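Encoded as structure tokens, the structure appears first; notes follow it.
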Amino acid sequence: MADGEGDPGVFTATALPGDPRLLPTVTNAFLGTRVFRDILHAAGVYSGAAGDTHRADVPSPLGLRLAAPGARSPAESFTLNTWTGTFSHTIHSPGYTATHQLYAHHSLVHLMAFSITIRRLDGSTHPITVQLRSLFVPQSQDLHLTPGPEFQGAHYIYGQTLVPEVEGGPRPTVHMLWTPIPQSLTLGGEERERCWQFLTAVAGSEEAARRSYGAGLALAAAGSMHRSHVRAWAALRRGCAVELHGPPALRQALHGCLYYLLSAIPPQDSPGAPFHGISPGGLSNGSRGEDYWGHVFWDQDTWIFPNILLLNPEAARAILHYRIRTLEGARRNAREQGYEGAKFPWESAATGREVCPEEIYGAQEIHITGDVLMAFEQYYCTTQDQKLFREDGGWELVEAVARYWCSRMVWSEEEQLYHIRGVMPPDEYHSHVDNSAYTNAVARRSLNFATVMARDLLLPVPEEWEDRARKIKVPFDEERKYHPEYDGYSPGEPVKQADVVLLGFPLMHPMSAEVRRNDLEAYEPVTDPAGPAMTWSMFAVGWLELKELQRARSQLEKCFSNITEPFKVWVENSDGSGAVNFLTGMGGFLQVILFGFTGFRITSSALLFDPAFPDGITKLEISSVSYLGNKLEVTITREEIRMEVTETCRDAPAWPLEAVLESGQRFPLGQGQSVSFPTAPGWIQRSPS
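Per full-length UniProt numbering, numbering through the sequence shown is continuous, rising by one, with the last residue being 689.
Structure below.
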């Protein structure tokens with residue numbers, strides 16, 4: 001698909017990339033693997049203590065290659081279909097095709113499956129045999145595995161991880177059932193076509209593994225195994241559909257991002273299963289020494305979460321529950337560093353304890369705690385869901401973060417302001433700095449949100465929250481009218497990645513358009529061109545905000561050096577280093593579309609909009625923007641905005657909405673009624689009626 005022709009959501013190639021890390025992933029909320037790989041991962045299953053904690057490698061029966069014996073260099077094709085959530089490998093031989101199809105079942109999340117289909121193309125009657133070359137060995141360097149009794153023809157192994165994350169902590173157990181895989185399959189001389197199904201079920205108990213495997217067998221017997229997956233996946237894609245009318249490469253990149261990001265979220269019909277967070281390289285990656293060991297960073301909360309929130313608030317809530325579930329670990333992190341409240345780890349696994357292998361990041365990159373709380377704030381602003389805070393532990397987290405920030409600040413007599421000293425900002429080229437603009441601004445936002453939340457829950461507000469939010473220093477250069485990155489920053493010093501530019505978005509720190517421009521102008525030329533992929537998306541959002549469309553486009557185009565062919569797998573750095581299947585970069589890219597092109601901004605009282613399209617883009621369609629219990633279909637062109645409430649939530653609060661333009665015009669947004677108005681700045685808010 002590098003040529004830009006055909007369906008933008010189907011990526012087909014006749015050869016695989018030379019680097020196996022760039023093969024596509026097949027993943028659901030609980031299981032993930034890279035195609036043709038001999039291991040898979042299960043969510044929340046880590047082995048190793050503290051900084052050695054990594055995703056436990058589970059041996060994978062799915063990692064096999066199809067081969068045609070005797071055929072000399074048969075034609076082959078490899079396809080990732082993002083509409084069906086399926087990868088396929090087809091051998092095209094004279095007289096027949098053989099297709100290997102692989103997927104992680106979207107609704108039966110403990111199940112992965114593959115099928116082999118041989119189809120005769122001519123009138124011949126001789127048997128056709130294909131080989132299945134498997135690397136599978138039922139052993140793991142991270143699990144003590146024991147064979148158990150077979151179940152309905154499936155082989156069975158089970159075992160615990162070898163080393164707990166924290167001393168005396170739990171060691172997760174894995175139970176796996178799989179269909180035995182023969183070395184070859186043969187289509188009989190009298191047969192025209194035949195399909196063989198192979199299932200792998202992985203769960204935390206034997207009962208759950210058996211239940212999933214049995215459900216898969218029943219579907220396979222009815223001939224609807226793959227169809228049931230496609231139906232569930234297609235429903236998710238429809239509900240989160242984003243379509244651009246623009247350059248083919250941009251449309252392909254968009255569909256690739258949606259495929260990999262939506263693969264990482266829980267299905268809507270599994271509310272009881274705990275969600276284990278989203279790591280930068282996703283569930284398919286994260287073995288020891290790879291893709292940050294599968295740990296969860298701010299990447300989840302700052303870069304990925306806002307997109308999920310706008311398209312699928314139920315999945316966004318599951319992400320927040322992961323942080324609530326790890327709150328006790330965050331409290332211990334704070335205590336061990338001598339502070340109150342909760343300090344979320346720079347790198348998190350199953351417990352919320354710090355698992356970063358290098359101490360400096362865990363000790364100093366403390367903005368993560370504010371990043372976590374900003375996700376809670378965005379969720380509350382768009383849903384007004386008080387249950388998460390009253391009953392599900394959300395308030396305890398908000399309060400603990402506020403207490404942490406208060407204990408982390410010191411009073412400067414000289415400046416008559418609160419300081420936060422000795423930190424590493426998002427720009428990791430600098431450490432041990434005082435008053436990182438981003439860190440202090442996100443701390444202020446944490447305290448302001450904690451104050452609002454307390455009042456909404458009719459709880460007392462500690463005076464120090466408001467006092468410290470008012471008096472915390474956020475460095476500002478009055479002469480140059482820009483934000484220095486930290487105390488003592490010299491203009492022109494190299495910066496690793498997006499840092500101060502995040503004050504404008506997503507922080508929405510109060511500033512004039514002049515200051516916003518100056519920040520972009522100051523940091524764009526000094527940001528490392530080899531830095532991580534998500535950086536350029538935030539510069540693009542900033543220039544779109546200022547209606548500098550050509551500059552926005554040039555920043556967006558920088559992202560394409562991080563997108564690999566043919567399966568649109570992102571790499572963290574443009575030289576190919578760092579994480580692969582880099583969901584963080586995809587999240588930033590998607591924010592350019594969902595927040596940059598639309599101008600959407602989440603505030604406490606409204607969802608702002610102010611569209612801006614770079615050249616070559618004529619139309620943006622979003623099937624389901626979620627706001628205050630409503631789902632809106634939004635279509636934007638250069639001339640017109642069209643909105644329609646297509647659905648109102650039945651099991652959560654929902655409010656009638658209206659669109660208001662800056663000119664003062666108001667448009668009630670009733671369910672099933674399409675409303676159009678000229679493209680202009682405005683906002684969506686709760687209707688006064």
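Ideal Cβ placement from N, Cα and C applies to all residues, glycine included.
Owing to the predicted nature of the structure, the values given are computational and were not obtained by experimental measurement.
By the C-beta criterion, the stretch 202-218 is judged not to be in contact with the stretch 237-257, since fewer than 3 inter-stretch pairs fall below 8 Å.
The stretch 629-647 makes contact with the stretch 669-688; the number of CB pairs closer than 8 Å reaches 3 or more. Only residues of its own chain outside the window of five on either side were considered, and among them PHE275 and GLY277 have a CB closer than 6 Å to the CB of TYR322, listed in chain order. Excluding its 5 nearest sequence neighbours in each direction, GLN197 has C-beta neighbours in its own chain below 7 Å: ALA113, SER115, ALA220 and MET225, listed in chain order.
In this structure, PRO532 lies near ASN573, with their beta-carbon atoms less than 8 Å apart.
By the 16-neighbour rule on beta-carbons within 10 angstroms, ILE360 is exposed.
Burial of GLN364 is indicated by the presence of at least 16 other C-beta atoms within 10 angstroms of its C-beta. Boundaries around CYS381 are those of the alpha helix (DSSP H), 367-383, since no beta strand (DSSP E) includes it.
At a Cβ-Cβ threshold of 8 Å, ARG332 and ARG353 count as neighbours. Counting only the Cα atoms, CYS240 lies some 20 Å from ARG227. Taking all protein chains shown into account, VAL433 has 16 or more neighbouring C-beta atoms within 10 Å of its C-beta and is therefore buried. Each residue's CA atom was taken as its position, placing PRO74 and SER88 some 16 Å apart. Fully enclosed alpha helix (DSSP H) runs of no fewer than 4 residues occupy 206-221 of the stretch 188-237, in order along the chain. Setting aside the 5 residues that flank it on each side, GLN673 is surrounded in the same chain by GLU644 and VAL645, each with a C-beta closer than 8 Å to its C-beta; the list follows chain order. For GLU633, the uninterrupted beta strand (DSSP E) run begins and ends at 630-637, by DSSP. Using a 10 angstroms sphere on the CB of ARG133, the tally of other CB atoms stays under 16, which defines it as exposed.
Of all alpha-carbon atoms in LEU549, GLU545, LEU258 and MET586, the one lying nearest the alpha-carbon of CYS559 is that of MET586. In the structure shown, TYR429 adopts coil according to DSSP, grouped into three states. Taken in chain order, no unbroken stretch of alpha helix (DSSP H) lies wholly in the stretch 17-93 with a span of 4 residues or more. By the neighbour-count definition (other C-beta atoms within 10 Å, threshold 16), HIS144 is an exposed residue. For VAL109, the CB contacts under 8 Å within the same chain, skipping 5 residues up- and downstream, are ASN28, ALA29, PHE30, LEU31, PRO266, PRO267, SER270 and ALA273 in chain order. The DSSP-derived three-state label of ASP291 is helix. Annotated as distal: GLU358 and ARG403, with beta-carbon spacing of 8 Å or more. With respect to the 8 Å criterion, VAL372 and HIS295 are not classified as neighbours on the basis of their beta carbons. For the options LEU111, ILE118, GLU206 and PRO170, the alpha carbon positioned closest to that of ILE157 is the one of GLU206.
For the pair of segments examined, the stretch 307-321 was found to touch the stretch 252-267: the number of CB pairs separated by less than 8 Å reaches three. Counting along the chain, PRO147 sits inside the beta strand (DSSP E) bounded by residues 143-147.
Less than 8 Å separates the beta-carbon of THR25 from that of TYR260.
Excluding sequence positions up to five before and after VAL230, its CB lies within less than 8 Å of the CB of THR84, GLY85 and THR86, all in the same chain and listed in chain order. The three-state secondary structure of SER604, taken from DSSP, is coil. Taking a cut-off of 8 Å on C-beta distances, the stretch 646-656 does not touch the stretch 595-603, as fewer than three cross pairs fall below it. Secondary structure note for ILE304: it is in no beta strand (DSSP E), with a DSSP letter that is neither H nor E.
For MET453, the three-state secondary structure derived from DSSP is helix. Under the three-state reduction of DSSP output, LEU320 falls in the helix class.
DSSP places ALA249 within a helical segment (H, G or I) once states are collapsed to three. Taking C-beta separations shorter than 8 Å and ignoring five residues to either side along the sequence, the partners of THR535 in its chain run GLN497, ALA498, THR527 and GLY588, following chain order.
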